[in-house]
Each structure stands twice: as C-alpha cells, then as structure tokens.
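Colleague:
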C-alpha cells in the first residue's frame with residue numbers, strides 16, 4: 004500500500020537508529036529518505052527524530068507517532084492476511100519473540116508443522132527475554148510472544164498456556180543424578196547455576212523459594228541457557 008510507505012520509512016529508521024542504515028535496508032538513498040522524514044516533520048510541525056552524532060532517536064512526539072504507525076501497519080497486515088484467506092491459501096508473516104530455551108527444540112517443530120499446512124506463511128524468530136518479548140508486543144514489532152511466567156498485561160490476549168517442567172542439569176556422577184525427581188531444597192545443598200532475573204523461569208524459582216522460605220545463593224547467574 005503506497006499510502007503506508009512513509010509510515011514504513013519512519014518505522015525502519017526507528018528500528019535502525021540511523022537514516023543511513025535504514026536507507027540501505029529500504030534500498031533507497033539516505034538523501035531521499037531524509038527528505039521524506041523532513042517532509043513529514045514539516046507536515047506535523049514537530050521533529051519526529053532527534054539528530055545525534057551517531058544516528059537518530061525518536062523525539063517525544065515521535066514516540067507517540069511510532070505507536071500509531073505500528074498499530075496501522077499491524078492492522079493492515081491483518082487485513083491483507085484475512086483477504087488472502089478468502090482465496091483458500093493462508094499467507095502472511097509472523098514475528099515471534101521468544102525465550103532462548105524455546106528456540107532449539109519447541110519452536111522449530113511447531114513452525115515446521117504449521118508450514119506443512121500453510122506453506123505461504125513465513126516466520127521471523129527473535130531471541131528476547133520476558134520483558135523484551137512483552138515490550139515487542141506493545142511496540143507491534145512482534146505478533147506473538149512465547150515466555151515463561153508472563154506479566155499478563157491487560158493489553159495482551161493469552162492464546163495458550165502450556166505446563167512446563169523445570170529440570171536440573173548436572174554431571175552423571177553428581178550425588179543427585181540417581182534421583183528420579185528432585186525438590187528445589189535438594190538442589191540448594193550444592194552450588195547452582197541459574198538464569199538471571201531477566202528470564203521468567205527465574206521468577207518462577209524465586210516465587211517457589213519465597214513460598215518455602217528458602218534462601219538461594221547461586222554460584223553462577225547467566226543470561227544464557229547454553
């Protein structure tokens with residue numbers, strides 16, 4: 004839709020944080036893109052971006068505008084998808100923000116199964132912790148967020164809740180390795196490595212600790228599940 008092109012330009016510059024980088028992604032010259040931005044700023048009567056030595060960032064007015072823009076773009080993609088469904092062939096692109104723990108195992112299988120039925124639908128998968136994934140939904144840069152222990156903000160609709168067991172990984176000769184099941188209390192008798200507070204599973208553990216009046220003193224906290 005040509006009338007949405009200026010909106011896509013502003014969205015691209017916002018994501019790139021640079022007019023030059025956005026122009027490269029859009030396959031236009033930075034001069035032409037800058038002219039478009041200046042034209043919209045003139046029309047609005049306020050600057051959309053604050054020019055900085057190493058790029059640009061949204062002004063206060065720009066923050067308001069980008070929320071409207073992403074609503075518009077998201078709504079249009081939804082309309083296009085619904086119209087395409089009339090032909091019997093589902094099309095579109097789905098952006099998914101999800102936890103690192105879901106990427107290697109759960110998500111590839113689900114996407115493959117979906118694309119078997121709907122091969123014209125494409126996916127983008129982006130690694131995000133819980134807070135960033137929920138922010139991506141608010142910003143309309145993601146269509147779906149897969150997270151542990153969501154904050155359940157009023158703006159979101161929960162599509163599916165899946166029970167997820169929590170496992171302890173250890174060496175084969177560890178004293179706890181022979182146990183079929185473990186309690187959190189058992190693990191705390193040994194040095195433990197756990198995810199940082201950026202991840203929902205850590206909040207799940209913290210709540211369990213609080214209920215049991217247990218003290219956690221991790222030997223290692225990490226932002227990676229690897």
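Residue numbers (the numbering used here): 4 to 229. Note that the Cβ used here is the ideal one computed from N, Cα and C, for glycine as well.
Please report the distance separating the alpha-carbon of residue 67 from that of residue 114.
Modeller: The residue you call residue 67 lines up with position 64 of the chain shown. The residue you call residue 114 lines up with position 111 of the chain shown. If you take the alpha carbons of residue 67 and residue 114, they lie about 34 Å apart.
Colleague: For the candidate residues 143, 30, 212, 76, whose alpha-carbon lies nearest to that of residue 191?
Modeller: Working through the chain shown from its first residue, we reach residue 191 at position 188. Taking only the C-alpha atoms, the option nearest residue 191 is 212.
Colleague: Can you say whether residue 226 is buried or exposed, counting buried as having 16 or more other CB atoms within 10 angstroms of its CB?
Modeller: Locating residue 226 in the chain shown gives position 223, counting from the first residue. Classification for residue 226: exposed.
Colleague: Which value, in whole angstroms, describes the spacing of the CA atoms of residue 214 and residue 146?
Modeller: One-based indexing of the chain shown puts residue 214 at position 211. One-based indexing of the chain shown puts residue 146 at position 143. Going by the C-alpha atoms only, they are around 34 Å apart.
Colleague: Rounding to the nearest angstrom, what Cα-Cα distance links residue 159 and residue 98 in this structure?
Modeller: Indexing the chain shown from 1 puts residue 159 at position 156. Indexing the chain shown from 1 puts residue 98 at position 95. Their Cα atoms are separated by approximately 15 Å.
Colleague: If the criterion is Cβ atoms closer than 8 Å, does the pair residue 185 and residue 179 meet it?
Modeller: Locating residue 185 in the chain shown gives position 182, counting from the first residue. Locating residue 179 in the chain shown gives position 176, counting from the first residue. It is a contact, given that the beta carbons lie within the stated cut-off.
Colleague: Determine the extent of the beta strand (DSSP E) in which residue 149 is found, giving its start and end residues.
Modeller: As a working mapping, residue 149 is identified with position 146 in the chain shown. Element bounds for residue 149: 147–149.
Colleague: Would the stretch 126–144 count as touching the stretch 101–110 if we require 3 or more Cβ pairs under 8 Å?
Modeller: Counting Cβ pairs under 8 Å, three or more are found: they touch.
Colleague: Checking the sheet assignment: what are the DSSP bridge partners for residue 99?
Modeller: Here residue 99 refers to the residue found at position 96 when the chain shown is read from its first residue. Answer is 128, 147, bridged to residue 99.
Colleague: Count Cβ pairs between the stretch 28–47 and the stretch 5–17 that sit closer than 8 Å; are there 3 or more?
Modeller: Short answer: they touch.
Colleague: Note down, in chain order, each residue of its chain lying with its Cβ closer than 8 Å to the Cβ of residue 73, except the 5 sequence neighbours on either side.
Modeller: By 1-based counting over the chain shown, the position of residue 73 is 70. Counting only Cβ-Cβ distances below 8 Å, and skipping sequence neighbours, we find 14, 142, 143, 144.
Colleague: What residue does the alpha helix (DSSP H) around residue 211 start on, and which one ends it?
Modeller: For this step, residue 211 is matched to residue 208 along the chain shown. Counting along the chain, the alpha helix (DSSP H) containing residue 211 begins and ends at 203–215.
Colleague: Please classify residue 65 as buried or exposed, where buried requires at least 16 other C-beta atoms within 10 Å of its C-beta.
Modeller: Position 62 of the chain shown, counted from the first residue, corresponds to residue 65. Looking at its Cβ environment, which holds 16 or more other Cβ atoms inside 10 Å, residue 65 is buried.
Colleague: Between residue 194 and residue 222, how many whole angstroms is the CB-CB distance? I'm expecting something under 8 Å.
Modeller: Residue numbering aside, residue 194 sits at position 191 when the chain shown is read from its first letter. Residue numbering aside, residue 222 sits at position 219 when the chain shown is read from its first letter. About 4 Å; that satisfies the 8 Å criterion.
Colleague: How would you write the range of the alpha helix (DSSP H) that residue 29 sits in, first residue to last?
Modeller: In the chain shown, the residue the question calls residue 29 occupies position 26. Where residue 29 is concerned, the enclosing alpha helix (DSSP H) stretches over 22–29.
Colleague: By DSSP, does residue 52 sit in helix, in strand, or in coil?
Modeller: Here residue 52 refers to the residue found at position 49 when the chain shown is read from its first residue. Correct three-state label for residue 52: strand.
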